[in-house]
Structure formats: structure tokens, C-alpha cells
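Asks: Residue numbers (this note's numbering): 5 to 111. Using N, Cα and C, we set each Cβ at its ideal position, and we do this for glycine too.
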Amino acid sequence: MAGVEPHRPLLLLAAALLAALLALGLSLQLGRRGIPRVTHHALFFAVCAVVGVAAFLSLRAGARGWALLPALGLLLLMPRTRPGRANHWGLALACAAAFGLGAWGAW
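1. Decide if PHE49 is buried, meaning its Cβ has at least 16 other Cβ atoms within 10 Å, or exposed.
2. Just how far apart, CA to CA, sit LEU81 and LEU30?
3. TRP111 to ALA90, Cα distance in whole Å?
4. What residue range does the alpha helix (DSSP H) around ARG41 cover?
5. Let me check understanding here. Comparing Cα to Cα, which of THR85, TRP93, CYS52 and ALA98 lies closest to LEU15?
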């Protein structure tokens, strides 16, 4: 991938992981029990790690990586909410919106 800034593929990976995380969380919220909750948690940690690395690499590349920091901050607040409550899915949607804006800014 010559000529591609190193943070851009990670932004795409983070977007895909976040979409999967939201879909999995919604399926758990709606009562689908065939998927272990630990899978949702592992995906959450992967999203946090990839967003953090993408922010770092975009800062290093001279892009606006700081735009991803609100999304990362909101992601790190997620464990303080209770699953199944409105504040959990509300914060999840806020994370998705903050990531979308941050990825657009860091692109």
C-alpha cells in the first residue's frame, strides 16, 4: 500500500470493528443469547486499542489525530454504565458519532 498513510487502514478497521460491536450489542440487548457476552467485551477492547493506535499514528503522520480522542474518551467511559440501561446504549451511540466525526477529521 505505497502512498497510503498508515493510519487510514486502521481507521477503516476501527469503523468495521465498531459497527460489529454495535450490531453485537444490539443483538444482545434484543435477547439473542447464542453469542457469549465475552465476545462483546473482547470486541470492545479491540475497538479501544485500534482507535488508540489510529489516533497515535495519525498524530505521527501529521494528521488531526486529536479528533479521535473524544471517541476514545467516551469508549473508556462505557464500563461505568450498566448494560441493558438507556445510558449504556446512549453512550454507545455517542461513541459511534464521535468516532465518525473524529475519523473524518483525522482522515
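Replies: Short version:
1. It counts as exposed.
2. Cα-Cα distance, rounded: 18 Å.
3. Distance between the alpha carbons of TRP111 and ALA90: 31 Å.
4. Judged by DSSP secondary structure, ARG41 falls within the alpha helix (DSSP H) whose first and last residues are 41-64.
5. Looking from the CA of LEU15, the closest CA among THR85, TRP93, CYS52 and ALA98 belongs to CYS52.
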